[in-house]
Each structure stands twice: as structure tokens, then as C-alpha cells.
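Engineer: Shown below is the structure under consideration.
Residue numbers (UniProt numbering): 1 to 422.
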């Protein structure tokens, strides 16, 4: 266990969080729900205060030349604040996972065995310029009985500070202990301290770009749940319906380009006759295409000349912009091979009317979510009915896919006897 004195930036916050976690793990559901409701109401009531802080962050980010996709993540408005408040209310309506019996049995010797969900304790979240994550993470941690150490980006620090202030003032009035949610300093050193805080922090979850996630995984001395980048694909099979394919591809790519579940690569079976129409629809929507030679040739049939020749870098890129890589594949195994080579294990979609193609794709692709005749944009805790989420786990241990309330718990075995000895 590291000494708090060795953590000059986060030590005091970590100690408060540890003390709070011991209270939170035993709080009744109604107390947690009342606190979440009070926090949601406070966010709405103090929206102007939050937006004023956010306006300063956005102005500073614009002056620094921050890319539009990052600015979109950073920017709040009244609607987005209302949205994160609504997400807290949705958590109130969800079952409390703490105390759930995962499995139980009576052993031959008469012992009663129950595996019960319990909080992790102190959960650290490292994330980039998305203030909504501050509220989502705080709410999910609190409902699941965990204290939260939040380390957001410097570009969103004013916004995050305003949000945490509003949340904790309301939460403490409703019965939460001090230290339930702590905002850490937004500098590189604080991340290093968080990752080395063994004994003070039970789990760290990174949520952001590849470089952030790689640093956390590489340096962490505490357990990590890795949320990965979203190099997501849509495969259009030869059996696909034209209108359905067009709608799903457009929604997957253009609905909101700056998020991890937007599609970055389109794979199309060589026998699909409507590829020129599909490419025209993407260009009409403002998408820049990066294609192989077969894609360039198909685009020319629709009079499109501006397709950028694709390279390996295009297949590997999570654009988070109005760009899309397009490749024509010989068959479904070729599509699966491409995804296996370049995919990030996040979300992969197939558009098909063939039951055999669908079965082969769902069995053969390795991803946290596989979508059949549906947009990749549905890979989301809220869309899955989990409420808000911490992120999308792309690893295979403990949890995979949207990290909701049950995924923020561990388990304890409770063994009950009647004077049993061994």
C-alpha cells in the first residue's frame, strides 16, 4: 500500500474517498436514490452557473486551436445539462446492484453459499474533455456504492469543478458522506499518482483516446478496466436491403461523429449492386471517403472524383470526424479478416438478409458488441437500458461492453453454517 504522503496532489482526496467508501457500501438504496434525485434537481436549478464555467473552458479551447470534434465533446448547453440530469434520474429507477445474489446453493455438508455483489470501494476515472462523464461517473459510482475520484482534462477543469460542486453540495444535504465524489487536479502528475495509489484506489477506468488509455494500462499499479477506442465497422452483405443499408450506414457514420460508437470503416461485398448509390449518399451527407481502388471505381460511376486513396493508416484510424474508410471485400470471411486485423474490439455491424451470413458474422467477429441490421450508435449504456455508463469496455476480463451499475461491483462469498467445522 502506498503512503498518502507519497501522493501530494491526490493523497488528501484519496483518504476522504476511502473514508466515504466505507459509509457508501452500507447506505440503503433509498438514501442513494434521494441523493441522486437531489443532485439532478440541483444541476437543473444551477444550469447557468455550470454554463458560465463551460463558456470559459470552450473559449480557452477555441483560442488554443482545439479540433471541432473535441470542442463538441467539451461544449455544454441547457439541453445537455438537462440530459445529464435526466441520466441521474434514470439511475434512480434502476435496481441497486449492491446485495444482489449472483448465485447461491446449499452444499452437501449443509453450508449455505451465496455470491453477493459488493462495491469496489474507491473508483478512479481518468477522462478527457467530456463534462457529461463527470456526472455520469459520479452517479454510477454512487448508486453502486463506490466513492469516485475524477480526473478530467485541464480543458474542462472549470466545468468539472462547477459540476462536482453542485453535485456534492446537493448530495451531502441528502445524506452522502464528504468525499463521495472528489475532483482531482488536472495535470499529468495527478494521473501518475492515481495510477500508483495502490491500497487507496481499488480500480481505475480510463475513458478517452488511445494515448490516454495506453498510458493508464502501461503505468497502472492498481487494477484497470480498459475502455478502448472505437474503430467500428459496418459490413454490407450481398443479401442486404438497399434502403436498410443506406439508413444504417449513414446513421452509424453521421449521427454523431465525435463518439466512440460511430462507424469509421465501411466494408461492402463485391456483389452489392448499390455501392455507387451508397457512396453518393455519404458524400451528400458531407463525408470524405477514403477508399480502395474498387471503391474509387464505384464512386466514378456516380460522378464522384474526390475519393482519397486509402492506406493502412486509414484502416487503422478512429477518425472521430466526417471521414470514412471504404473497402470492397470478396466475401464475408474477407470482411471478418479485415475486422480482425484493424478493428478495436468495440462494435461491429452487419447489414444482411441472409440468416447464414448473419450467423457466420456474429460467430466470427470478436467485439464487445455485434449489431445485426442496426446502427453501431446503439452500443451505449443508455440505449441498452443500463442508464448512464462509465464507458465501453473492450477487454475480456471482469466486464465487456457498456459499463453500467452491475459492472461497477465485485462479489463476496457469504458462507453460512450452523456450527460447521472442517
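Note that beta-carbon positions come from the ideal geometry of N, C-alpha and C, so glycine has one too.
Give me the residue from 65, 292, 386 and 66 with the minimum Cα distance to residue 313.
Structural biologist: Of the listed residues, the one whose Cα sits closest to residue 313 is 292.
Engineer: With which residues is residue 115 paired in a DSSP beta bridge?
Structural biologist: Its beta-bridge partners are 103 and 413.
Engineer: For residue 371, which three-state DSSP category applies?
Structural biologist: Residue 371 falls in the strand class under three-state DSSP.
Engineer: Tell me whether residue 58 sits in a helix, a strand or coil according to DSSP, three-state version.
Structural biologist: Reduced to three states, the DSSP call for residue 58 is helix.
Engineer: Assuming residue 35 and residue 121 form a contact by the criterion Cβ under 8 Å, report the distance between their Cβ atoms to the nearest whole angstrom.
Structural biologist: Not quite, the Cβ-Cβ distance comes to about 18 Å (not below 8 Å), so this is no contact.
Engineer: With residue 72 as the anchor, note down where its beta strand (DSSP E) starts and where it stops.
Structural biologist: It is not in any beta strand (DSSP E) - residue 72 instead sits in the alpha helix (DSSP H) that spans 68–74.
Engineer: State the beta-bridge partners of residue 201 as determined by DSSP.
Structural biologist: In DSSP, residue 201 forms a bridge with 198.
Engineer: Whole angstroms are fine: how far does the CA of residue 354 sit from the CA of residue 306?
Structural biologist: Computed Cα separation, rounded: 33 Å.
Engineer: Can you tell me the Cβ-Cβ gap for residue 181 and residue 46, rounded? I've got them flagged as a contact below 8 Å.
Structural biologist: Actually they do not touch by this definition, with Cβ atoms about 16 Å apart.
Engineer: Can you confirm whether the region 381–393 touches the region 85–100 when touching is taken to mean that 3 or more C-beta pairs between the two stretches lie within less than 8 Å?
Structural biologist: Yes: at least three Cβ pairs fall under 8 Å.
Engineer: Please report how far the alpha carbon of residue 143 lies from the alpha carbon of residue 32, in whole angstroms.
Structural biologist: Roughly 6 Å separates the two Cα atoms.
Engineer: Going by the C-beta, is residue 247 closer than 7 Å to any heavy atom of the ligand ATP?
Structural biologist: Here there are no bound small molecules, and the ligand ATP is not part of this structure.
Engineer: Counting contacts by CB-CB distance shorter than 8 Å, is residue 34 in contact with chain D?
Structural biologist: Any reference to chain D falls outside this structure, which holds one protein chain only.
Engineer: Could you tell me whether the Cβ atoms of residue 345 and residue 366 are closer together than 8 Å?
Structural biologist: Result yes, Cβ atoms of residue 345 and residue 366 sit closer than 8 Å.
Engineer: What is the residue span of the beta strand (DSSP E) that residue 289 lies within?
Structural biologist: Taken as a continuous stretch (DSSP letters only), the beta strand (DSSP E) holding residue 289 covers 288–291.
Engineer: Determine contact between the region 181–190 and the region 1–15, defined as no fewer than three beta-carbon pairs at a distance below 8 Å.
Structural biologist: Cβ pair count under 8 Å is three or more, so yes.
Engineer: If you drop the 5 nearest sequence neighbours on each side, which residues of the same chain put their C-beta closer than 8 Å to that of residue 351?
Structural biologist: Result list for residue 351: 234, 235, 236, 237, 240, 241, 244, 245, 248, 249 and 373, in chain order.
Engineer: Please report how far the alpha carbon of residue 320 lies from the alpha carbon of residue 6, in whole angstroms.
Structural biologist: Taking the straight line from one Cα to the other gives about 38 Å.
Engineer: Between the C-alpha atoms of residue 226 and residue 378, what's the straight-line distance to the nearest angstrom?
Structural biologist: Using only the alpha carbons, I get a separation of about 20 Å.
Engineer: Go ahead and pull the three-state DSSP assignment for residue 319.
Structural biologist: Here residue 319 sits in coil by DSSP.
Engineer: Specify, as a first and last residue, the run of the alpha helix (DSSP H) that residue 45 falls within.
Structural biologist: Note, residue 45: alpha helix (DSSP H), 29–45.
Engineer: In terms of alpha-carbon separation, which member of 272, 269 and 255 lies closest to residue 282?
Structural biologist: Nearest option by C-alpha distance: 255.
Engineer: Less than 8 Å between the CB atoms is what I'm expecting for residue 66 and residue 155, so what's the real figure, rounded?
Structural biologist: Between residue 155 and residue 66 the Cβ distance is about 7 Å, and since that is below 8 Å, they are a contact.
Engineer: Report yes or no: do three or more beta-carbon pairs, one from the region 17–24 and one from the region 67–78, lie closer than 8 Å?
Structural biologist: Judged by Cβ distances under 8 Å, the region 17–24 makes no contact with the region 67–78, as fewer than three pairs qualify.
Engineer: Measuring only the C-alpha atoms, how far is residue 125 from residue 251?
Structural biologist: Residue 125 and residue 251: Cα-Cα distance of roughly 29 Å.
Engineer: Going by DSSP, what residues sit across from residue 324 in a beta bridge?
Structural biologist: Paired residue(s): 289.
Engineer: Pull up the CB-CB distance for residue 405 and residue 113, whole angstroms please, since I reckon it's below 8 Å.
Structural biologist: Not really, about 24 Å apart at Cβ, beyond 8 Å.
Engineer: With DSSP as the reference, label residue 148 as helix, strand or coil.
Structural biologist: Residue 148: strand per DSSP, three-state reduction.
Engineer: Three or more C-beta pairs under 8 Å: does that hold for the region 41–55 against the region 79–88?
Structural biologist: With the cut-off at 8 Å, the region 41–55 and the region 79–88 touch.
Engineer: Have a look at 284, 380, 137 and 152 and flag the residue whose alpha-carbon is nearest the alpha-carbon of residue 304.
Structural biologist: Ranking 284, 380, 137 and 152 by Cα distance to residue 304 puts 284 first.
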